[in-house]
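Have a look at the structure below, then the notes.
In structure tokens form, the structure reads like this:
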């Protein structure tokens, strides 16, 4: 299974970015999808998740600004980020996971840098 994250870049505060996570080598629809981020000197933190059925959950600081979605036909997940703040600056990682027959399958993308200037 391979995940390719893309869409990061440099944006001014208040701007928007859309991250993509393309999956290959798996049945994408059977995995939950999550976006995480890691800022310099900080631990990796959860940003948002979307289940196989489309249920979404967000970290409190992202509610109302970020939207996670998925297109199972294209094996791609997305994170739309609006009203970006300098504190959103981090490397963003996508993750897919599922449990089957008591075995956990957990895969990570390589990360994409998001930098928000003030």
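Residue numbers (the working numbering): 79 to 196. For every residue, glycine included, the Cβ atom is placed at its ideal position computed from N, Cα and C.
Are residue i and residue j touching if we call contact CB-CB under 9 Å?
i	j	result
residue 170	residue 86	yes
residue 157	residue 91	no
residue 173	residue 132	no
residue 110	residue 129	yes
residue 153	residue 106	yes
Here's the rule I'm using: 16 or more other beta-carbon atoms within 10 Å means buried, otherwise exposed. How should residue i be labelled?
i	result
residue 192	buried
residue 177	exposed
residue 119	exposed
residue 151	exposed
Who are the Cβ neighbours of residue i in its own chain at under 7 Å, not counting the five residues just before and after it?
i	result
residue 167	117, 192, 193 and 194
residue 186	81, 171 and 173
Considering only C-alpha positions, which residue in the set the options is nearest to residue i?
i	options	result
residue 95	102, 84, 104 and 189	84
residue 122	128, 101 and 114	114
residue 141	179, 150 and 124	124
residue 183	134, 139, 89 and 108	108
residue 89	139, 82 and 165	165
residue 126	137, 82 and 102	137
Excluding the 5 residues flanking residue i on each side, which residues of the same chain have their C-beta closer than 6 Å to its C-beta?
i	result
residue 145	158
residue 160	94 and 143
Problem - Inside the region 80 to 147 only - alpha helix (DSSP H) runs reaching at least 4 residues - result: Runs found: none.
Practice task
Return the chain-ordered ranges of every beta strand (DSSP E) run that is complete within the region 147 to 175 and spans a minimum of 3 residues.
Solution key: Complete beta strand (DSSP E) runs here, min 3: 154 to 159.
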